[in-house]
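Protein chains in written order, with the numbering used here: chain Z, 1 to 388; chain S, 1001 to 1388; chain R, 2001 to 2388; chain L, 3001 to 3388.
Glycine included, every Cβ here is placed at the ideal spot set by N, Cα and C.
Note that this is a predicted model, so its numbers are computed, not measured.
Protein chains: 4
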Amino acid sequence: MLNRKLRMGMIGGGKDAFIGAIHRFAANMDGLIELCCGALSINPEIAADSGKMLFLPEDRTYTNYEDMIKKESALPEDKRIDFVTIVTPNFAHFAPAMMALEHGFNVVIEKPITFTLDEAKQLQQKVNETGLTLCLTHTYSGYPMVKQARQMVKEGAIGKVRKIWVEYPQGWLSKLSEREGNAQAAWRTDPKKSGKSGCMGDIGTHAAHLAKYITGLNLTHICADLNILVEGRHLDDDGNVLLKYDNGAAGCLMASQVAAGEENALKIRIYGEKGGLEWAQQEPNTLLVKWLDQPTQIFRAGGGYSYLSPFATKNCRTPGGHPEGYLEAFGNIYHNFAQTLSAKLSNSEPTEEMLDFPRVEDGIFGMAFIDKVVESSKSDVKWTKFEI
Amino acid sequence: MLNRKLRMGMIGGGKDAFIGAIHRFAANMDGLIELCCGALSINPEIAADSGKMLFLPEDRTYTNYEDMIKKESALPEDKRIDFVTIVTPNFAHFAPAMMALEHGFNVVIEKPITFTLDEAKQLQQKVNETGLTLCLTHTYSGYPMVKQARQMVKEGAIGKVRKIWVEYPQGWLSKLSEREGNAQAAWRTDPKKSGKSGCMGDIGTHAAHLAKYITGLNLTHICADLNILVEGRHLDDDGNVLLKYDNGAAGCLMASQVAAGEENALKIRIYGEKGGLEWAQQEPNTLLVKWLDQPTQIFRAGGGYSYLSPFATKNCRTPGGHPEGYLEAFGNIYHNFAQTLSAKLSNSEPTEEMLDFPRVEDGIFGMAFIDKVVESSKSDVKWTKFEI
Amino acid sequence: MLNRKLRMGMIGGGKDAFIGAIHRFAANMDGLIELCCGALSINPEIAADSGKMLFLPEDRTYTNYEDMIKKESALPEDKRIDFVTIVTPNFAHFAPAMMALEHGFNVVIEKPITFTLDEAKQLQQKVNETGLTLCLTHTYSGYPMVKQARQMVKEGAIGKVRKIWVEYPQGWLSKLSEREGNAQAAWRTDPKKSGKSGCMGDIGTHAAHLAKYITGLNLTHICADLNILVEGRHLDDDGNVLLKYDNGAAGCLMASQVAAGEENALKIRIYGEKGGLEWAQQEPNTLLVKWLDQPTQIFRAGGGYSYLSPFATKNCRTPGGHPEGYLEAFGNIYHNFAQTLSAKLSNSEPTEEMLDFPRVEDGIFGMAFIDKVVESSKSDVKWTKFEI
Amino acid sequence: MLNRKLRMGMIGGGKDAFIGAIHRFAANMDGLIELCCGALSINPEIAADSGKMLFLPEDRTYTNYEDMIKKESALPEDKRIDFVTIVTPNFAHFAPAMMALEHGFNVVIEKPITFTLDEAKQLQQKVNETGLTLCLTHTYSGYPMVKQARQMVKEGAIGKVRKIWVEYPQGWLSKLSEREGNAQAAWRTDPKKSGKSGCMGDIGTHAAHLAKYITGLNLTHICADLNILVEGRHLDDDGNVLLKYDNGAAGCLMASQVAAGEENALKIRIYGEKGGLEWAQQEPNTLLVKWLDQPTQIFRAGGGYSYLSPFATKNCRTPGGHPEGYLEAFGNIYHNFAQTLSAKLSNSEPTEEMLDFPRVEDGIFGMAFIDKVVESSKSDVKWTKFEI
């Protein structure tokens, strides 16, 4: 493994941004990564202020990503960044990602990976060509109890999966906030910045990814009902999707951003022949494990539980009862990405555990999911075939 | 009001039956009703044993409902029963109900009301002709916090309803129990005894009724996906239904009897412009009331809470913190039915609170729901119009 | 077993009373008991109204218990009541109970059993002399999951008990309600009607009984701190008691009626060498079973769970997921008492399961508990020996 | 504020240590602090390995704290550390802390602050003399909802506090693990390394601090019952303490490390004249706010809730529904300490919000608490006066 911290440059994520700050907490946490430069805003003043706030040197505080990528790639190897993190709005993911890859930088990128499926496929090709690593921050797969669920399904603990319910209610778009000065709401409900779907692109993709990550099953058909429930909005703020999987399982994915009073209540339930699993993001350290003939068990995250899979335990930082949360889940993605990068940079093979973070394939799945739910929602035919 | 207990006769509900016992607990609880006779089983031995167990006189322990209805109607008015309770399997609801009405007896009947929609409509006509009262035991509408939710929606507390999620997972049919000697499973999965739908008829109807009871909204379109997830079964054991309502609201109804490890986890969430409501049958004394800009409130059942609607409070027997449950909810249906009957029998007008129990119209809605979800599930067209 | 319902007479419990109504729901529920007469109030008008409301015949609607006991004992055996239920305030328990026993009636009595320990001992002597049955309604021991906990401790599932925490917070006396027209508050905070302790007598005794019922352990020493936290009150409204048990276990009992915002939050936790048990009255159908090296298990009440003790299951009326509550727990006490009486009246031996209801010995324990906590609270010495 | 990261040196916390790693996560998280050197172990091999693992330069990887403090204080000001973090076992807190202060370094120190009260007082004197800052990591006061509770009590939201229940059950010492090779258990149950109390020193002090932090009340008397419940142990592994506060409030503090099956279940309930507050460490983002006449409210941590105190919000990193946990609470202590240091080093006055972290006075309170509970537990007199 590399005998130094990895060097990160950030694109987007200036001082008022939400997700940029989250990425920094996650990257800092484990002491494996240092932020070395940033193109934090296209507004020069915000860029400068943000750089100062983060103690970046002035000469590595850029105002656009092109400059940053060019200048960083000209720096000597022992100073130059190892990867860029892209935390701009969806429409501005592809260009910097492609340019970074072309200049030899690894990439961490917010989801959805790009604006269109085609762009995602181009990135995949570039990743394959270059051998570089692209990490997509589908945060929720970073939680240890999600990993425990995945492992249990894999090992057949609940038998063949028959039914999947995944839901993601939020309430923050219950008003037409995009017209009331809410910057987050503004770009996320704007088809030009967000893409062809609002709610499904923003959070439906998380739900779909979570189901795929845990069960490993592939969608064959979907039947989507996307809704605009707040008058005047331009993109779906709600939707339900019926699901069919390749092993015969049925499912339902529900997402809403107008579920008034809900925070960020992603939850998944998976039922198999022998038992069921239930995990809720807002109480992430608990995995309910249900059985046909025995009491439900409360599996708990934490180092030191012999009943947990090592795959889950390695993603815990604390013993049971010391709750970890969203930032730690995010941190796990960065941690595993950093381990992978460190291995590759020191010419060793990343282990399966290191490689446990979402990658370009997950991004392509997400973009296809968006395309297909939008297509299905417009269709009068019940079932739309799901293919990528 | 009548100065005596009401007299009940029971059809079905012999000593090994599940739901018959439930009806007796519910009818006994408030001291307003006495069980006077029964045709508890068509098996004479079981009928006799069951009668003894219930301290029924031998001469009012019948072995078939025809006998019972005939003989009871020949008794003097001060001895004769006031109503029959029908707790036989679905296919055996209609005939005794019709005969009872024809002989001047009021009727309490388990859901689904009949085997076919047409039968239900015949019962409706008879009820209208006779002026008698028919009560359908959709238990879950008997819970006080369900009534509180209904009242709050009605009064506009959460604004216009936008979204309804109602789910009903059970796990008890995860195995092919109908082939393993489980009598409950046997008739409920048998199209000849249960009807054209299994899971949707048995519990989906409860979920649909609950949503209707609380919101008062009417379905306009549905898109159903019914599944047989346990190989070898003859009726659906699982299903998801997308819903469209007449006010523009969208919804999703999920029911499953193969959700391994679940008990009887009926739950509803309703979101409006200003807030949301959440109620779960397994913790029935709590109603979560969610707001856009204020903390979620935990409304609690119980006499003495000034913040509750009197409509809810009248259906509580105990002060807060003394949990009431399923039997009390069932008891509320009997209580309100008994009050209605008592009023009518003493020639006074039942109040709106007395009339708060499911009636023949609810039965018709349920039968139409079964018909339409089966029709939709077979259709390749996405949306099936919902009409009765 | 007796081939008829048992006949009950009620002393106290007129139309505005709280606990009398509870006793009637509980006695009615299972169809084993019929209310035949009552001395429901010493106010003749309330007595008459209450009798009418309950459909009692006028000639068995009494205005004092002496009349009732005398006249009922003069009735022919097939009409005469089998037992009286006493639901008057504490100070008026002893006299009617003693008179009933002297006239050959069995007795159900609200807790605390009497006003003084000495009276309780006199009742015990009379019960022993007459062979009659006295049932004390310590409701909380009627819950199935409490019985499950008792059985598990008995069978050594959690090993030797080391630690007991039992708590009983209520908030309803947070104001000086006894001066604001609250009748319940008035007598319960009046030393002449309630006894020498308020909170500890009213609810502390329930907590102490619950701990004793589940663990079977005997107190050896206590250290009590009783408080009057609302100025102007005459009896303790709060208290904590340190406990020492005969097997070396340590404990803490906390009760308060000024825990603002709490309903009736009785909860017990018991820790042994191998595991722990947790039960909370407000979610009574769940028993948490904790282990040193395995996930916590959620044991659930309900017929049909093979993992439950038959001792618990026999006290369930419904399958899992159909919540039973306070009235059913109360009903279990009446049910088991009725079975015992039925067996004795038909000259058979009641089984251990029938005899599973609190009796006169539990009443004596409760009175001793009150005496000792009051004594300890006044003492400067840390530990007060607990003896009866 | 300072235009650079603060520089930290760590004493203790080598690669197998629990709490050292926690401190590093917490210090890293916000990007305000960099670890520059360490005396991570007295075992030279472990020290070297740990240094490498943390990417420390070899010449700043020390094997004892004396060396580290001496050599660091000789470095030029722009390289020298700003503070040391001491994460050694209790008996080894005082000497490095005193030496660090004497050499002009600020100090972060694990609780309990020292081995004896007298040592704590010496540290206090030195802190006062030097004007340096000492931060004591009573983690639980770092949670935003604890801060919300504190603020609500302060502002009188629940009226005068009457009752405090604070409990801290853990189960990890249910076996005699100190004899089975558990290093954590070994030193914590060894009077020579841990001090005169085990459970009360380790976690009782956290509970006592939490109650003090939220209510601001001062103890006047205590009555303690410390127990050794696992045979063969040398220090208390369990205890209950009755509490009296200077405003007349009563309380009870319960701590146990033999509560089999419990993780780290610190919980506090505070009741006042008008309402109550409840917070549990294992679900830290929720604060239950209870009222006499209104539904309980679920206050939730998260940026953007207008109903939260800014004092709480400033200690949140994420919006509601993105759970933060133990590491973030720890991080808040480091964050506020860092802000204070940054202000002082740039000659500005730290604000009240910056100064919101436990300090030397809290350490003295903790040591006095340990002394007094041990004294009380040995005494036959009920109440022991609490004074520092």
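Cutoff 7 Å: residue i Cβ touching any chain Z Cβ
i	result
L:N3028	yes
L:F3025	yes
L:F3337	no
S:Y1271	yes
Simplified DSSP state of residue i, which is helix, strand or coil
i	result
R:W2187	helix
Z:V230	coil
R:E2328	helix
L:D3225	strand
L:G3321	coil
R:K2015	coil
Chain R contact residues for residue i, given Cβ-Cβ distances below 7 Å
i	result
Z:Q148	Those do not exist, as Z:Q148 stays about 11 Å from chain R at its closest Cβ, beyond 7 Å.
Z:F299	P2295
Below-7 Å beta-carbon distance, residue i vs any chain S residue
i	result
R:K2005	yes
Z:V153	no
R:G2204	no
R:G2031	yes
R:T2116	no
R:T2286	no
Nonlocal neighbours in the same chain, by C-beta distance under 6 Å from residue i, ignoring five residues either side
i	result
R:Q2122	none
L:M3001	S3342, S3346
L:E3278	R3269, L3288
L:A3329	T3139, G3142, Y3143
Neighbourhood of residue i by C-beta distance below 8 Å, restricted to the same chain and skipping five residues each side
i	result
L:N3064	A3039, I3042
R:M2053	K2015
L:E3361	Q3124
Z:K5	G31, L32, I33, E34
R:A2189	Reading off the sequence shown, one finds Thr at residue 2189 of chain R, where the question assumed Ala. Here the set comprises L2173, E2178, G2198, R2233, H2234, L2235, D2237.
L:S3377	A3224, D3225, L3226, D3236, G3239
Contact list for residue i against chain S, beta-carbon separation under 9 Å
i	result
R:A2265	G1321
Min CB distance residue i to chain R below 7 Å
i	result
S:G1325	yes
S:T1189	no
Neighbouring residues, chain Z, relative to residue i (Cβ below 7 Å)
i	result
L:Q3282	G321, P323
R:Y2143	None at all; the shortest Cβ gap to chain Z is about 17 Å.
Chain L within 7 Å of residue i, Cβ atoms only
i	result
Z:G55	As written in the sequence, residue 55 of chain Z is Phe, which differs from the Gly given in the question. Yes, its Cβ sits closer than 7 Å to a Cβ of chain L.
R:S2174	yes
Contacts that residue i makes with chain Z (C-beta to C-beta distance below 9 Å)
i	result
R:I2158	Residues of chain Z passing the Cβ test: none, with the nearest at roughly 15 Å.
S:C1036	Per Cβ cutoff of 9 Å: no residues; S:C1036 is ~41 Å from chain Z at best.
Contact set between residue i and chain S, taken where Cβ atoms lie within less than 8 Å
i	result
Z:V166	In chain order: nothing, as chain S lies at least about 11 Å away.
Distance between beta carbons of residue j and residue i, contact taken as under 8 Å
i	j	result
R:F2337	R:T2116	Wrong, their Cβ atoms sit about 25 Å apart, outside the cutoff.
S:G1320	R:E2263	4 Å
L:K3196	L:F3091	Actually they do not touch by this definition, with Cβ atoms about 11 Å apart.
Same chain, Cβ closer than 7 Å to residue i, five either side skipped, listed in chain order
i	result
L:I3298	T3286, L3288
Item to check | Positions along the stretch 1301-1314 of chain S whose CB lies within less than 7 Å of some CB in chain A | outcome: No chain A is part of this structure, whose protein chains are labelled Z, S, R and L.
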